[in-house]
Each structure stands twice: as C-alpha cells, then as structure tokens.
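First comes the structure, then the notes that go with it.
In the UniProt record's numbering, the protein residues as written are 1 to 539.
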C-alpha cells in the first residue's frame with residue numbers, strides 16, 4: 001500500500017523551496033486577519049464607550065455596559081466556532097481549495113462591513129457591529145482547519161512542523177499590525193483634531209471625527225486578506241486530497257509538478273495510478289474510535305484547556321497597564337489620547353510577549369518535537385500562574401509591579417512556545433486525509449469554546465468578592481487570585497491530556513494516520529526511534 005503513493009513520498013522528501021514560503025504567507029493571511037481583528041476590537045472598545053455611552057453627569061468617561069462589551073467581543077468567537085465546524089467538514093467534502101476562497105471572501109466582505117455599522121443610536125451601531133462581526137468570525141473560523149491542513153499537506157516531513165507553526169505565527173504579526181495601525185490612526189486624528197481632557201470638558205473631549213477612527217482601524221483588516229485572494233485562487237488543490245480523497249493520482253502528480261520541484265521518475269507516474277480502493281471508515285465509526293478516538297479526545301481537551309488560560313489573559317491586561325503606570329486614569333485623557341496609549345501598550349506586549357514565543361516554536365518544533373514543547377509549555381504556564389497567584393498580595397503592592405509584568409510575560413511566552421502553537425499543528429498531522437480538516441475543525445472549535453469560557457466566564461469570576469469594588473455593572477466574583485488558581489488547574493488538565501496525543505515529528509502524514517497500515521513502514525532512518533514518548537498510543 002505504502003508504495004502506491006509515490007507522489008506523496010516525493011512530497012515528503014522534497015527539498016524545502018521557495019513555494020513553501022509563499023504558501024506560509026498565503027495560508028497565514030487568515031490568521032493575520034483573525035489576530036488583527038480580535039486585537040483591534042480590544043483597542044477600540046474604550047473609544048466606542050466614550051462615543052456611544054457618554055453620560056454628561058458622570059465624572060468618568062462612558063464605557064460599554066458589560067453585556068454590550070461581552071457581545072461585541074464574544075460574537076466573533078461564536079462565529080469562529082461555527083465556521084470551524086462547518087468549513088472543516090466542507091473542506092473534506094469539497095476539497096481544500098474550493099472552500100479556501102470562500103472563507104477569505106467572507107473575511108474581506110465582513111471586515112469592511114464591520115466598519116460600516118449603521119445608525120447613530122448606540123443600539124443600532126452595536127447591533128449591526130455584532131451582526132457583521134459574527135459573520136466575520138464565521139469566515140475566520142473556516143480558515144483554521146483549512147490553513148493548517150493545506151500547509152501540512154504541502155510540506156515535507158522534515159520541516160512540516162516549522163511551516164505549520166510559521167502559518168500560525170502570522171497571528172503575532174496580525175497583532176502587531178493591528179497595534180501599529182491603531183497607533184498611526186489615533187496619532188494622526190489627535191494631531192489634526194485636538195481636544196481637552198475629559199475632566200476639563202466631558203463633552204468636548206471626544207471629537208465627532210473620532211467616530212471615523214475606529215471604523216478605519218477595523219476596515220483596514222480587509223486589505224491584507226484581499227491582497228492574498230488572487231494567490232489563493234491560483235494555488236492547486238493539495239496532492240494528498242486529490243490522491244487520497246478524490247482518488248485522482250494523475251492529477252495530483254501534475255498539480256504538484258506545477259508548483260514544486262518534486263523528483264518524480266517515469267515509473268512513478270504509472271505507479272501513482274495504482275491506488276487501490278479500500279473500505280473507508282467515517283468519523284462516527286467504531287473503526288475511527290478505535291484508531292483515533294483517544295487522539296481526538298487529546299487534541300480537543302488540550303486545546304480547550306489552553307484557550308481558557310490563554311484568553312483569560314485579557315482580564316489582567318488593564319490591571320497591568322494601570323499598575324505599571326503605562327495608562328493614566330481615563331478622565332485625565334481625551335478619547336483619541338486614550339486610544340493611542342492603549343494601542344501603544346498592547347503593541348509593546350505583542351512585540352515582547354507574543355512574537356518571540358511563536359518563533360521559538362518555529363525553530364525548535366522539528367528538533368525537540370511537538371510532545372516536549374506542549375508538555376513543557378503547560379508545565380511552565382502552571383508554574384508561572386501559581387507564581388502569580390500564591391504571593392498575589394505581594395505583586396499588587398506598589399513597587400513590585402515590574403516582577404508581576406515579567407511573570408505575566410513568561411506565562412505567555414510559554415503559551416506560544418508551547419500549547420498555543422502545538423495544539424494547532426498536531427491535529428493537522430495525525431488524522432487520515434479524508435477526515436483531516438473535519439478533525440482539525442472539531443479540535444479548534446473546542447479551543448474556541450475554551451476561549452469563550454476564558455474571556456467571559458473569567459470576566460465575571462475575576463471580579464472582586466467585595467461588592468463595592470467590582471467593575472461597573474458586574475456582580476461580585478471569586479477574585480483574581482482564585483481565578484489564577486483555577487487557570488493553573490486548567491493547565492494541569494492540559495498537561496495530563498497531552499499524553500493521549502502521539503508524537504508526529506519526522507513521520508509522513510500517511511504513516512501517522514495509518515493510511516498505509518497494511519505494511520508497517522520501517523522508521524525513517526532511526527529518527528522515530530529516539531523518542532522517549534509512549535509511542536504505543538499511535539498503534
């Protein structure tokens with residue numbers, strides 16, 4: 001069986017070449033847009049509060065009520081979750097390429113639309129913003145399983161992990177660009193339309209032109225996506241889909257020869273056509289449960305737990321900025337000044353806290369493997385979160401905030417050089433081709449449901465136990481310290497479930513998914529023998 005897939009063996013052995021790098025950018029644009037969008041909304045929510053929820057009698061600037069804030073931030077997550085499941089399934093049904101253009105088009109259209117939310121009443125603007133952001137999320141969600149699957153199916157087996165990680169690390173650049181665009185826009189508007197601070201003139205501190213600033217920031221996200229649309233449409237269907245799912249080996253061979261210098265001898269053209277039809281089990285079959293059931297459980301639980309911890313970080317960001325005195329009190333600034341300060345702070349965090357972690361993964365994943373990175377990441381995240389929680393009182397006393405920020409930054413370094421990257425990579429490698437994008441969609445949707453728990457559950461949980469100290473409109477919670485203990489618990493669960501997932505470093509996709517099961521392929525020149533991870537899980 002293994003010897004029929006000559007074109008796939010050739011892909012596995014192909015040298016890393018320019019096309020692999022272009023594929024990273026083309027596939028990574030979805031993540032760029034995803035990160036840009038999620039990031040930029042967090043930069044403009046304060047501004048939206050000042051514009052649409054201004055209360056002349058209040059001594060502090062207007063803010064979004066908790067339910068509106070939750071809706072604006074959360075509705076994109078809900079769309080993403082739906083898109084991951086739907087397009088993941090569709091990508092296996094119709095082929096990666098066909099669906100790939102659809103998701104990008106959705107992103108472009110609704111990214112532009114979200115800047116055009118209509119009406120001048122707070123209700124009208126927020127409702128239309130939420131509607132467009134849901135569908136934007138839907139398109140973004142489709143991009144998760146497809147980007148991962150496409151990159152994994154194009155790559156060779158030696159550097160596959162690094163290339164999928166590079167696609168994912170485009171998120172870091174999306175964050176950075178979101179921050180830079182917001183800095184430029186807010187600085188330009190501030191220079192052109194200056195205004196007094198809120199405490200000096202509540203109504204005059206928000207200039208009418210500020211309403212354009214947030215719209216421009218949100219709409220800008222459509223540009224990079226639009227630019228890659230043409231290249232996405234020119235990308236051929238992946239050889240693995242064409243050969244293993246659509247069963248057209250000849251086309252797979254010619255497609256790959258068009259974009260990659262793959263060594264294919266004459267005899268191999270003939271060989272490629274001898275794909276035999278064998279019985280194929282579906283997602284809900286006992287065969288799938290027996291072979292990949294535990295794998296799917298492992299990938300979904302790990303991603304779910306990680307995202308709870310990862311997305312709850314937003315809770316501490318504003319506390320941290322205030323603690324480090326990066327952000328003065330809201331009433332001492334005008335609206336655009338505040339947007340500028342927040343964008344600057346977030347961009348610094350993205351630059352120092354998130355981007356290095358992604359690139360550590362890119363460089364080390366094919367050296368030390370997925371398993372070690374994920375296990376180590378969960379371990380250190382647990383350690384640093386406990387390090388924040390146990391002496392929490394110490395960190396919050398004035399003079400100790402630098403230590404707090406350092407600990408906090410390390411937590412995120414080990415999330416990105418750890419499970420945040422590996423949970424995205426592994427599901428694209430260990431399942432059979434005809435279920436690959438579906439299983440990746442299911443895993444990433446589990447992750448997004450974790451993100452919803454992380455960003456909303458903990459928004460309420462982290463409120464002070466003392467009713468007089470909660471944020472406006474929130475009921476008392478369990479406090480930040482107890483929330484950190486719970487998050488550490490989530491990381492421990494992720495650590496344990498990592499043991500269900502097989503190591504995929506240096507193995508071909510067909511070997512991993514058991515698609516050439518009839519004869520056990522000998523381990524590639526000793527590479528797969530050196531692992532200390534329990535390989536019995538991969539049957």
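In this text, a Cβ means the ideal position worked out from N, Cα and C, and glycines have one as well. Being a predicted model, the structure only gives us computed values, none of them experimental.
As for any alpha helix (DSSP H) of minimum length 4 sitting wholly inside the stretch 442 to 510, the runs are 458 to 461 and 479 to 497, ordered along the chain.
Cα atoms of residue 472 and residue 332: separation of roughly 19 angstroms, rounded to the nearest angstrom. With a minimum length of 3 residues, there is no unbroken run of beta strand (DSSP E) contained wholly in the stretch 54 to 95.
The shortest CA-to-CA distance from residue 343 to any of 25, 396, 377 and 41 is the one to 41.
Taking 8 angstroms as the upper bound for CB-CB distance, residue 382 and residue 495 are in contact here, some 7 angstroms apart. Across the structure, residue 174 and residue 388 are spaced so that their CA atoms are roughly 28 angstroms apart.
Following the DSSP letters along the chain, one finds residue 158 in no alpha helix (DSSP H), marked with neither H nor E. Proximity to residue 61 across 468, 80 and 204 peaks at 204, based on C-alpha coordinates.
Under the 8 angstroms Cβ criterion, the stretch 415 to 425 counts as touching the stretch 344 to 363, having at least three qualifying pairs. Counting C-beta pairs closer than 8 angstroms gives fewer than three between the stretch 157 to 167 and the stretch 238 to 253, which falls short of the contact rule. Here the alpha carbon of residue 440 sits roughly 11 angstroms from the alpha carbon of residue 141.
In the DSSP assignment, residue 115 falls outside any alpha helix (DSSP H), carrying neither H nor E. When C-alpha distances from residue 451 are compared across 13, 55 and 76, the shortest belongs to 76. Rounded to whole angstroms, the Cβ separation of residue 358 and residue 168 is 7 angstroms, and the two are in contact under 8 angstroms. Its chain contains 384 as the residues whose beta carbon lies nearer than 6 angstroms to that of residue 410, once the 5 sequence neighbours on both sides are disregarded; these appear in chain order. In this structure the stretch 191 to 209 does not touch the stretch 101 to 113; the number of beta carbon pairs closer than 8 angstroms is below three. In terms of Cα proximity to residue 506, the closest of 136, 391 and 368 is 368.
Distance between residue 187 and residue 377, taken at the CA atoms: about 37 angstroms. Contact between residue 148 and residue 424 holds, since their C-beta atoms are separated by about 6 angstroms, short of 8 angstroms. In summary, residue 286 is exposed, with fewer than 16 beta-carbon neighbours lying within 10 Å of its beta-carbon over all protein chains present. Going by DSSP, residue 8 is part of the alpha helix (DSSP H) stretching over 6 to 13. The beta carbon of residue 130 sits closer than 8 angstroms to the beta carbons of 71, 72 and 75 from its chain, once the five residues preceding and following it are set aside; these are given in chain order. When secondary structure is reduced to three states using DSSP, residue 328 falls in the coil class, being assigned neither helix nor strand. Per DSSP, residue 417 lies in no alpha helix (DSSP H) segment and is marked neither H nor E. An exposed status is given to residue 18, since fewer than 16 other beta-carbon atoms sit within 10 Å of its beta-carbon. Straight across, the Cα-Cα distance linking residue 133 with residue 64 is about 17 angstroms. With respect to residue 145, residue 52 sits apart: the two C-beta atoms are not nearer than 7 angstroms.
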